[in-house]
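Data first, discussion second: the structure below is written as structure tokens.
Residue numbers (our numbering): 42 to 399.
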């Protein structure tokens, strides 16, 4: 699975696609006359009708491209053009151009740019706040049309997932779903649990799959599957393949996922049970880095069995057997309680909850 990024663009959009690509929304509003400092923003060719009013303002009609708006919101959510381009699977220049055109469309600077920092302007924050609602409304319109017509289900399924969830549970669920609905495109944001939970709460993501559970009162959290766990060590270690008492692990080094990861919290609870002191903890970013470190004898770790199975079969790592196995961890679906899912989301969530999907 690609990191922080995507299962996006893996299928070509059909003519029945419900995505916002290329869709314009004509908005009538008002603005003050341009000041000398505004000249660098340019004048939108799409402003159609201007009429001076007694208040010193002029009416204007702006054609707001929803795809540009969607791209800009992704830039803000991910903290920069580079991350947004990676997530969208397009060139950085395309993202920059979309933001620049949007600034021209709305006649306002949205982002302050320099080499050292990325800062959203007041106008940019206002556009993000209202833009989310605008995109949601557009989605509702398209969703209503999709439900009313007798045509194959198509469009974009957007979701979030933690790294552990994308190793096994999500790909398997998507494979079955896309077999039934081949006209659907998929856009999955992959990040640490902390970041994914925040995006669902903020409305940037409609729902997500996480390893473990969330007790945040602003979310509904539904376990949909269980992930078996495995304690692993280097294949040439004396404990490799052995049944050991947890007390034996006291002198070993425990390798942890990065801060903000739900897997890290799980590993820290195990460290406490096994009485492995903090001085013997090492933090590495990402599952791949931990697996490589274990393989080279840097320490032990506990990860989902679905993640390590292929490495166990290849002999790159070995398993330690404990008298009491590490309990399985749930894979959970998180979503906001008051949000009505769109048709594609509704179908996918129903697919998830069948039980056999993951």
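Where is the CB? At the ideal position from N, CA and C, for every residue including glycine.
Residue range of the alpha helix (DSSP H) that residue i falls in?
{"i": "residue 407", "result": "Lying before the first or after the last residue shown, residue 407 is absent from the chain, which here runs from 42 to 399."}
{"i": "residue 241", "result": "234 to 243"}
{"i": "residue 354", "result": "346 to 355"}
{"i": "residue 208", "result": "204 to 208"}
{"i": "residue 154", "result": "Not the alpha helix (DSSP H): residue 154 falls in the beta strand (DSSP E), residues 152 to 154."}
{"i": "residue 400", "result": "It is not possible to answer for residue 400, since the shown part of the chain is limited to 42 through 399."}
{"i": "residue 331", "result": "328 to 336"}
{"i": "residue 362", "result": "From DSSP, residue 362 is part of no alpha helix (DSSP H); its letter is neither H nor E."}
{"i": "residue 390", "result": "384 to 393"}
{"i": "residue 126", "result": "122 to 129"}
Taking Cβ to Cβ, would you say residue i is nearer than 9 Å to residue j?
{"i": "residue 340", "j": "residue 295", "result": "yes"}
{"i": "residue 140", "j": "residue 122", "result": "yes"}
{"i": "residue 322", "j": "residue 312", "result": "yes"}
{"i": "residue 172", "j": "residue 114", "result": "yes"}
{"i": "residue 196", "j": "residue 385", "result": "yes"}
{"i": "residue 161", "j": "residue 153", "result": "yes"}
{"i": "residue 266", "j": "residue 230", "result": "no"}
{"i": "residue 309", "j": "residue 342", "result": "no"}
{"i": "residue 175", "j": "residue 110", "result": "yes"}
{"i": "residue 125", "j": "residue 132", "result": "no"}
{"i": "residue 204", "j": "residue 328", "result": "yes"}
The beta strand (DSSP E) that contains residue i, what's its start and end?
{"i": "residue 160", "result": "159 to 161"}
{"i": "residue 261", "result": "261 to 268"}
{"i": "residue 324", "result": "322 to 324"}
{"i": "residue 118", "result": "Element bounds for residue 118: not the beta strand (DSSP E) but the alpha helix (DSSP H), 107 to 119."}
{"i": "residue 231", "result": "225 to 231"}
{"i": "residue 313", "result": "Per DSSP, residue 313 belongs to no beta strand (DSSP E); it is in the alpha helix (DSSP H), 303 to 315."}
{"i": "residue 249", "result": "248 to 252"}
{"i": "residue 295", "result": "295 to 297"}
In chain order, what residues of the same chain have a beta carbon less than 8 Å from the beta carbon of residue i, not counting five sequence neighbours either side?
{"i": "residue 392", "result": "214, 217, 218, 221 and 398"}
{"i": "residue 368", "result": "270"}
{"i": "residue 357", "result": "276, 332 and 336"}
{"i": "residue 178", "result": "none"}
{"i": "residue 95", "result": "For residue 95, the predicted model reports a pLDDT of 42, less than 50, meaning its position is unreliable; a value from the coordinates is still stated below. Contacts found: none."}
Apart from the five residues just before and just after residue i, which ones in its own chain have a Cβ nearer than 6 Å to its Cβ?
{"i": "residue 194", "result": "222"}
{"i": "residue 149", "result": "164"}
{"i": "residue 271", "result": "346, 349 and 360"}
{"i": "residue 84", "result": "With a pLDDT of 41 at residue 84, under the threshold of 50, the predicted position of this residue should be treated as unreliable, and no value is reported."}
{"i": "residue 159", "result": "121"}
{"i": "residue 338", "result": "275"}
{"i": "residue 97", "result": "Confidence at residue 97 is low in this model, with a pLDDT of 43, below 50, so the placement of that residue is unreliable and no value is reported for it."}
{"i": "residue 86", "result": "With a pLDDT of only 37 at residue 86, under 50, the local geometry of the prediction cannot be trusted, and the value read off the model is given with reservation. Nothing listed; no residue qualifies."}
{"i": "residue 259", "result": "242"}
On the premise that residue j lies in contact with residue i, defined as a C-beta separation below 8 Å, what is that separation, rounded to the nearest angstrom?
{"i": "residue 269", "j": "residue 287", "result": "With 8 Å as the limit, residue 269 and residue 287 do not qualify as a contact, their Cβ atoms being about 18 Å apart."}
{"i": "residue 264", "j": "residue 376", "result": "So it is not a contact: roughly 13 Å between Cβ atoms."}
{"i": "residue 274", "j": "residue 330", "result": "Not quite, the Cβ-Cβ distance comes to about 16 Å (not below 8 Å), so this is no contact."}
{"i": "residue 332", "j": "residue 352", "result": "6 Å"}
{"i": "residue 257", "j": "residue 238", "result": "6 Å"}
{"i": "residue 118", "j": "residue 240", "result": "7 Å"}
{"i": "residue 261", "j": "residue 378", "result": "5 Å"}
{"i": "residue 317", "j": "residue 344", "result": "In fact, because the Cβ distance is near 16 Å, the residues do not count as touching under 8 Å."}
{"i": "residue 390", "j": "residue 382", "result": "6 Å"}
Which same chain residues, not among the five before or five after residue i, have their C-beta less than 7 Å away from its C-beta?
{"i": "residue 182", "result": "none"}
{"i": "residue 76", "result": "Note that residue 76 scores a pLDDT of 41, beneath 50, so its modelled location is shaky; the value from the coordinates is reported in the next line. None."}
{"i": "residue 134", "result": "none"}
*Taking contact to mean at least 3 C-beta pairs separated by less than 8 Å, is the segment 346 to 353 in contact with the segment 192 to 211?*
Verdict: yes, contact present.
*the segment 251 to 259 / the segment 299 to 308 touching (three or more Cβ pairs under 8 Å)*: Segments in contact, yes.
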